Each structure stands twice: as C-alpha cells, then as structure tokens.
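**Student:** Submitted below is the structure of interest, expressed as structure tokens.
2 protein chains.
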Amino acid sequence: MENRTHTADVAAGETATVAGWVHEIRDLGGIAFLILRDRTGKLQIKFEKDEMDEDLVETGLDVHRESVVTVTGAVEEEPRAPTGLEMVPDSLDVLAGADPELPLDPSGKVDAELPTRLDNRTLDLRKPEVKAIFEIRSEILRSVREYFRSVGSTEINTPKIVATGTEGGTELFPITYFGQEAFMNQSPQLFKQLMVGSGLERVFEIGPIFRAEEHNTPRHLNEATMIDFESAFVDHHEAMDVCEGTLKAAYEGVAENCAEELELLGYDDFAVPEDDFPRLTYEEAIERVNATGELDEQLVWGDDLPTEAEKALGSDVGGHYFITDWPSEIKPFYIQDYDDDPQLSKGFDLMHPRMELVSGGQREHRYDELVAGFEQQGLDPEQFDYYTRMFRYGMPPHAGWAYGVERLVMTMLDLDNIREAVLFPRDRQRLSP
Amino acid sequence: MENRTHTADVAAGETATVAGWVHEIRDLGGIAFLILRDRTGKLQIKFEKDEMDEDLVETGLDVHRESVVTVTGAVEEEPRAPTGLEMVPDSLDVLAGADPELPLDPSGKVDAELPTRLDNRTLDLRKPEVKAIFEIRSEILRSVREYFRSVGSTEINTPKIVATGTEGGTELFPITYFGQEAFMNQSPQLFKQLMVGSGLERVFEIGPIFRAEEHNTPRHLNEATMIDFESAFVDHHEAMDVCEGTLKAAYEGVAENCAEELELLGYDDFAVPEDDFPRLTYEEAIERVNATGELDEQLVWGDDLPTEAEKALGSDVGGHYFITDWPSEIKPFYIQDYDDDPQLSKGFDLMHPRMELVSGGQREHRYDELVAGFEQQGLDPEQFDYYTRMFRYGMPPHAGWAYGVERLVMTMLDLDNIREAVLFPRDRQRLSP
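Here the protein sequences come in this chain order: A and B. Quick note: the first sequence uses this note's numbering, first residue 1, plus one each step. Quick note: the second sequence uses this note's numbering, first residue 434, plus one each step.
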C-alpha cells in the first residue's frame, strides 16, 4: 500500500497503483467507467468489457459505491476524462466493500440535513467541500501557532479537570474525580495568568473548553476549541495588536495554502483583512448603534450589546472591529478597571460583522484589587487561593484574550451553523458520535 | 511597556527600559546591585548611593526579591558584571511588590520538594532550569506538528465529552451532561479512525486525555496530553516509520532550537537518535529478556512485559526500539490480528530504554471482525454503533498510534517524575492548582 500514488500525482505513460473510494460507476454498455476518489482528487478507470479479463470487469463494475478499492494499471491521456487522464486497469482489489444503501450520499447529489450529516461524519467528510472546511481549519491552527511563535510565545497545556471554575456566572459540567467534586474547565484563564507570572511571560494554548450553558443557537457549542493568549508587560491595546495580528495571520495562511479548498467552496473573492481594525469605545459603539435606527429600543450606557445591536453595528462598520472600554459591570472580575474611572474597564471584544469573536482585556494584577473583585462577583476568594496567592509574589501587569476556533472558521467561511465548523459537535441534544 | 528591551538585547552605549523580576539585591555599602531577571536572562543594575537620587536608591534597594520592576537607564560595559553589561538607572518603578516571605525560592538556592513546587508553579517556573523544560516541551509540539504536516496529515480536534469510552478495561471519569451520563474521553482512538475513513485519510491530534486509573507512580498521570496519529492505506510497519520519524523530528527540533535550554539543563551530550530503531517481535523480546538473566522468573509467551522486563530489555538494547507482533490477547480489540495466525496481532509498542512510549498497530477495518472483537472484549457493539456502522460504508485499511507528550519530555530530558513534565499535574491526590 505504501506504493500507491495519489490520483493528483499520476502521469500519462506510467503504470501506477491508486487506492481510494468508488465515487461513481458509469456503465455505457461496451465501455464502463469507475471513478475512483482519494483525498487529492479523482481518476477515471476505464473498462472495455470485450477486451478485458471477465473477472476484472465483474469485480470492478459490481462493487458498490463508496467501497474501498486499489487499482493498478497504465495511465493514459484522455481529453474527454475530467482530469485529462484515465487508467486502464490490470488488476483491481476490493479492500472494503460498502453496503448498497448509504445513510448519506457523499457525491452530494442528494442533499442531507445537518443532523444526518453529523450522525455520519465519516461519509459527510468524503464530500470535497466538507473536507475543505476541515483542511482550512487545520491551516488556521498552523498559521495561528506560527504567528504566536513569531511574537515569542511559549505553547502551554493547562488542566481540563479543575477544582473550581473560572467564572461564577457560567455553568460548569461536574465530574466525579476519585470521590471528589471537580469540574471540566470552562477556560484556561486563571492558569494562563499564572504562567505569565512565571518565567515564561508570554504563552498561548489551543485546546478544548467546556461550557454547560443551555444555549440552543447556531453559534454556541458546549465543547469548543479555544485559542488563548496571555502576555506579561503589555496593556490591553498591545494585546489587541497581537489579536489582530493572529487573525490576519489565519486569513493569510488560508489564502496562501488553501487555494484549492477556497475554490471548491466558491470563494473567488476571499480577502485577507488589510487595514487596521477600528477600535471603538463602548460609548462610541452604542451611539453608533443607536444612530443606525435599526433597534426598536435605544441602548443606554450599561447595556450589554444584544445580537441585533451587534448585527446593526457590524453592517455599519463593514469589517472586523474592536469594542474597548466596556462598563466594568459587564466584564469579569479579572479585567482591570481604569484607575481614574473605575466604572470603565480595560476589557475589549473583537467583533466580526456577524458576531463577537474574541474577549480580552488588561487583567487586574494587584492582589488587593483582585480579591475585592472576587468578592464583588460573589465568589469566595478562598476557593481560588491557589490563584490569588501568586499575585502576592510579583505578578507583572498583563493582558490577553481568547477566541473560539469554531467561530473563526464559521465567520471566515460564512457558514450558517457553528456545527459545520467542528467535526463532532457537542450541544444539549448531541453527545454522540 | 511595549518599549521595554529584553535583558538579552540591551547594548552598551544605549539608554534602555527593561522590566522583570528582582532576582537579587547585593548591597556592598557605598555601591549596591539589583539583579533584574526576565525571560531572556539577567541584567545588573548599579546603585552608587552617594551619586544618585536618594528616592531612587531607596526604592531600588528596599524592594523585596521577586517584585516586578521596570528600570530605565544607560547601559554600560562592565567586565565584572556577569553579562559584561550593567545599567545605571535614571528611574525605577515597582509594578508589583512581592511579599517578603516566599513559599519557594526561585533563585534555586533553597531546594524544594516536588509537591511544594507544584503548589507554587508560578514561582517554580521562574527558575531557568524549570522554565527550560517547558520551552523544550513547546518546541517538541512544534516540531512534531511540522513533521505531521510534512507527511500530509490534517490536524483534527475530537470531542472530549463522550457517551462511551474507547476501551472496556480502562477506567473513565463520569460527567453529568445535561442530565445524561457521559464520560471524559480516554483516547481519540475511535474518532481518529472515523476520520481516516473520511476524505481526510491521514490525521493527527494533540490534545488532553483522561484516565481514571488508580495508579500512583512517577510515570502515570490521570490527565495527559496525547499525540495521536492515524492513516488510511498504511500498514503497521508504515505507521512505525511515521512514529519513528515523529520522534526523531522532536529530538532534532530540540537540538536545533533549544541549545540554551539544553545547556541550562546540563545536557552537553544531547543526541538525536540516528539509526533505524530495531523492531523486535514480541517473541524475540521475551527471549532476549529471559537471556539477560535479570528476571527472577522467566517470561512465557502470552505474558505482558512487567516493568522489570522493560528495564532489562531497555538496557540490553540501549536505545529506542519497537516491539511488534504482540499476542492478540494483550492488545485491544481494534488491533488487527494476522490472518494466518490469529493469536498474533499487528500491534506494536515504541519503547524507550526506561519505559513504553507509544502504543499502536494496524487496525481492524473489516466490519464483521470488528464487531466480533467488541464481543470478545466483553463490550456491547450496539453501544458503539456510531463507530462500527461506518465500517459498513467503505473503511480503508489503516494504522496509527499514540504517545504521551509527558513521557516523551520525561525520557528525552531524563526527568525522574512525569509530574516535572506537565505544568499542573492531575493525579489521585492532586486536583489543584
């Protein structure tokens, strides 16, 4: 098997062995074609019934669609074949037969609803345009990590089983951990902060987070992959610079390395964001939302932005933008407030015109203020002693942010549902596969 | 803060701003030195008491060790300084004061036991030789991913919340998932197999796994980071080639990019494994173990290798090696057996002289044989229908493997305890921080 050639690499005049799935069989009578598909593309295999071994013809043409076969034969030029090449088989082996009835049609000729697709992801990902989403996702992760390294960040892995959650408000999934109560972590927030106070100074993590929120929307998941960044000795505006750089690096990576996938998905106008993202203060943002006249009720200072407001503002701005200087009350306790105006926090969000992508901010690094923040949030600082204690041993000023990979994929590729951006989504209804 | 210069980058004749931790203060009377430490190294700050502003001297010399400060001043050559440079401060700000008493001494002058270190990881990682371990770990992840991409693998993320575990024998942590019983996944095994049957064909994942095993040893964790690889159209020997390539890529990456860290850790003889790793069959392995005479009791065919056997064989072979062709009974149901000898499986392990690193094998891709395997293992195939069903729709022959990042770091750096290779270990006793 190691000697197989990908269909994209076969050349006329050579004998090759290819392996893949039976995409289609077209029987025209005296001549028939088997279209073999592998991850790189397709190849037409020609059966001239009268001129070939009967067993070979029978095996090749009786096989069910989506069976796995390997074929050895001469590759010839054939202008009428979709790739300009076809193979005349010397031998064909069925490595794994497929049932005649499939729950999903990988050729895409029969549409399937999302739940059916998710139940049958193996078959669903045989559709090149579905596979393309996950090749792009993989490239996003690669280019984001490369960018992180270019700005001197160290990759870390923090625990997903924790004794206490990061925030009070968000729901946690409880675990039984050797007889103790524990939880699945909803964010690496506290751990990455502990690491910027260590010798590492600047860290990133890409890993799963778990949120027991009872959402049921096209843009929420109960398990997601989070891109986390945190750095000592930067403020929130410098953290925004890195955030913007990361996002642009993801778009650039995809533009450079996923041309085929973008074409398959029909993006002939895929654009890497070039300009600096506008940074609106929260106050400017609500004024601008109100000015659009899209909302039934005007926003007042202190309101969180409802979905309609995000949409109105997004179409008004027309691209990615930041909202800065949020009311302290809306932001978590670990975000630092302005000393000269404690009602205002140094929290920020990065927005895509469709939705919020990133949440971040300058963090509170002063022990007394941090502990007071826990109490204001209704959390018991004692429970977080492992975290707060380190702030008494020299915790530098720091800032950071996090965004969900799925929302990045979803907004980049304009997908309708976030579940299209994750292989095996987890939501209130879906726990399997 | 954005204008700070790392201590490694300051140059004589310039005025610079540096920021970091107060590593040490040496007061010699008329002259005193503050040693500032950041992630790149250290810098000596000179205080000539009679010639400098009194407030500046007081602030600089009264600050507690491990406080965070920023200093601006002229950098001068000073042959007696450890780096050949020193700074004469114009200004010094204390960004975060540290308590006078620390639970751990980051200068390393006072030894600390591992539990104390793990309770105070923030301080522990200020020791350059501890930080070095995690810089190396980060580089291992980078070079492993780069290698995976060079052999055409797509990065995937599979769910950590699952309805059923991968294997019967290994213990699972139960979760309450919106009123349903669920578990934290002990391995991406089944999901990565589902993906090689999709259009992706060859995939990798680096992510957390969770095992509720009641181990209490220096080489087991209850949460670990796993490197998983799986590929369609390869057999177990080809999967071993990729495994060997991945491991060598990790060593090469570290050798090339972590010279300073290796030096800090005292490895002047860090060697990248060059030769092909020997591939012993299980039968050869037990014969060789028995021949060492190290074991009280001779091994017989069918025995698993106890720790002493691994050690005896490891020191006999003297480097990494594979053990292939294990008895089917010892290996999980999803490993394929040899058709001509069903007692023998196509499972393999990659061994470091100290311990097992990798478990892998050719997988059973035939539906009927797979379902029979579930039953032999005492598992109900119905419960795994989401997985087995896909084997009826054209599942190619495939093979793969997994290894733990922590064991790789531990063996590469010759660490005594696996807990030294993970920032925040999870074991039966340790759930926090």
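Here a beta-carbon is modelled for each residue, glycine too, at the ideal position from N, C-alpha and C. Small disclaimer: the values here were computed from a predicted structure and weren't measured.
May I have the straight-line CA-CA distance separating residue 434 of chain A from residue 334 of chain A, to the nearest angstrom?
**Tutor:** Residue 434 of chain A is absent from the model: chain A starts at 1 and stops at 433.
**Student:** May I have the straight-line CA-CA distance separating residue 785 of chain B from residue 739 of chain B, to the nearest angstrom?
**Tutor:** Distance between the alpha carbons of residue 785 of chain B and residue 739 of chain B is about 14 Å.
**Student:** Who are the neighbours of residue 798 of chain B on chain A, taking C-beta pairs under 7 Å?
**Tutor:** By Cβ distance, chain A contributes 96.
**Student:** Chain A beta carbons: is any one of them nearer than 7 Å to that of residue 813 of chain B?
**Tutor:** It does not; no Cβ of chain A falls within 7 Å.
**Student:** In angstroms with no decimal places, state the Cα-to-Cα distance between residue 550 of chain B and residue 561 of chain B.
**Tutor:** Distance between the alpha carbons of residue 550 of chain B and residue 561 of chain B: 14 Å.
**Student:** At a CB-CB cut-off below 7 Å, which residues of chain B make contact with residue 440 of chain A?
**Tutor:** Residue 440 of chain A is absent from the structure shown; chain A starts at 1 and stops at 433.
**Student:** Applying a beta-carbon distance threshold of less than 9 Å, which residues of chain B neighbour residue 163 of chain A?
**Tutor:** Near residue 163 of chain A (Cβ distances below 9 Å), the residues of chain B are 864, 865, 866.
**Student:** Are the C-beta atoms of residue 346 of chain A and some chain B residue less than 7 Å apart?
**Tutor:** Closer than 7 Å: no.
**Student:** Using the three-state DSSP reduction, which class does residue 353 of chain A fall into: helix, strand or coil?
**Tutor:** Residue 353 of chain A: coil per DSSP, three-state reduction.
**Student:** Between residue 465 of chain B and residue 272 of chain A, what straight-line distance do the alpha-carbon atoms span, to the nearest angstrom?
**Tutor:** Taking the straight line joining both Cα atoms gives about 53 Å.
**Student:** In or out: residue 502 of chain B buried (at least 16 other Cβ within 10 Å) or exposed?
**Tutor:** Label assigned to residue 502 of chain B: buried.
**Student:** Which same chain residues, not among the five before or five after residue 221 of chain A, have their C-beta less than 7 Å away from its C-beta?
**Tutor:** Cβ within range, chain order: 406, 418, 422, 425, 426, 427.
**Student:** Show which residues of chain B have a CB atom less than 8 Å away from the CB atom of residue 102 of chain A.
**Tutor:** 826, listed in chain order.
**Student:** Could you pull out every residue in the same chain whose Cβ sits closer than 7 Å to the Cβ of residue 331 of chain A, ignoring the five residues on either side in sequence?
**Tutor:** Closer than 7 Å at the Cβ level, and outside the excluded window around residue 331 of chain A, lie 345, 347, 361.
**Student:** Could you please give the first and the last residue of the uninterrupted beta strand (DSSP E) stretch that includes residue 823 of chain B?
**Tutor:** Careful: residue 823 of chain B lies outside any beta strand (DSSP E) and carries neither H nor E.
**Student:** Residue 518 of chain B: which of B:569, B:824, B:443 sits nearest, CA to CA?
**Tutor:** Checked all of B:569, B:824, B:443; the closest Cα to residue 518 of chain B is B:443.
**Student:** Name, please, each residue of chain B whose Cβ falls closer than 8 Å to the Cβ of residue 198 of chain A.
**Tutor:** By Cβ distance, chain B contributes 554, 555, 556, 557, 558, 559, 564.
**Student:** Starting from the C-beta of residue 555 of chain B, find all residues in its chain whose C-beta is less than 7 Å away, skip the five residues before and the five after it, and write them out in chain order.
**Tutor:** Excluding positions up to five away in sequence, the list is empty.
**Student:** So what does DSSP say about residue 173 of chain A, is it helix, strand or coil?
**Tutor:** Three-state result, residue 173 of chain A: coil.
**Student:** Please check if any C-beta of chain B sits within less than 7 Å of the C-beta of residue 403 of chain A.
**Tutor:** Output row for residue 403 of chain A: interface = no.
**Student:** Given that residue 458 of chain A touches chain B, what residues does it touch there, using C-beta distances under 9 Å?
**Tutor:** Nothing about residue 458 of chain A can be read from this structure; chain A reaches only from 1 to 433.
**Student:** Check residue 441 of chain B in the structure and name its three-state DSSP category.
**Tutor:** Note: residue 441 of chain B maps to helix in three-state DSSP.
**Student:** So, do the region 620 to 636 of chain B and the region 572 to 587 of chain B have three or more beta carbon pairs nearer to each other than 8 Å?
**Tutor:** Yes, the region 620 to 636 of chain B touches the region 572 to 587 of chain B.
**Student:** How is residue 615 of chain B classed by DSSP in three states: helix, strand or coil?
**Tutor:** Of the three classes helix, strand and coil, the one that applies to residue 615 of chain B here is strand, per DSSP.
**Student:** Can residue 452 of chain B and residue 233 of chain A be called in contact, C-beta distance under 7 Å?
**Tutor:** Contact: yes.
**Student:** If you drop the 5 nearest sequence neighbours on each side, which residues of the same chain put their C-beta closer than 7 Å to that of residue 4 of chain A?
**Tutor:** Result list for residue 4 of chain A: 17, 18, 19, 70, in chain order.
**Student:** In three-state terms, what does DSSP make of residue 828 of chain B?
**Tutor:** Note: residue 828 of chain B maps to coil in three-state DSSP.
**Student:** Given a threshold of 16 other Cβ atoms within 10 Å of its Cβ, counted over all protein chains shown, does residue 111 of chain A qualify as buried or as exposed?
**Tutor:** Classification of residue 111 of chain A: exposed, given that the 10 Å Cβ count is below 16.
**Student:** Examine chain A for any beta-carbon lying closer than 7 Å to the beta-carbon of residue 771 of chain B, and answer yes or no.
**Tutor:** Taking Cβ atoms only, chain A never reaches closer than 7 Å to residue 771 of chain B, which makes this a no.
**Student:** Taking the C-alpha atoms as reference points, what is the distance between residue 821 of chain B and residue 540 of chain B?
**Tutor:** Using only the alpha carbons, I get a separation of about 56 Å.
**Student:** For residue 283 of chain A, which residues from the same chain have a beta carbon less than 8 Å from its beta carbon, with the 5 sequence-adjacent residues on both sides left out?
**Tutor:** 301, 325.
**Student:** Measuring only the C-alpha atoms, how far is residue 493 of chain B from residue 521 of chain B?
**Tutor:** Approximately 12 Å, taken between the alpha carbons.
**Student:** Residue 398 of chain A and residue 231 of chain A look like a contact to me (Cβ under 8 Å); what is the Cβ gap, rounded to whole Å?
**Tutor:** Residue 398 of chain A to residue 231 of chain A, Cβ: 6 Å. Contact.
**Student:** How do the region 285 to 297 of chain A and the region 177 to 193 of chain A stand: do at least 3 beta-carbon pairs fall below 8 Å, yes or no?
**Tutor:** These segments do not touch.
**Student:** Please report whether the beta-carbon of residue 138 of chain A lies at a distance below 7 Å from any beta-carbon of chain B.
**Tutor:** For residue 138 of chain A, the answer is yes, since a Cβ of chain B falls inside 7 Å of its Cβ.
**Student:** Residues of chain B with a CB under 7 Å from the CB of residue 180 of chain A: which are they?
**Tutor:** The contacting residues are 864.
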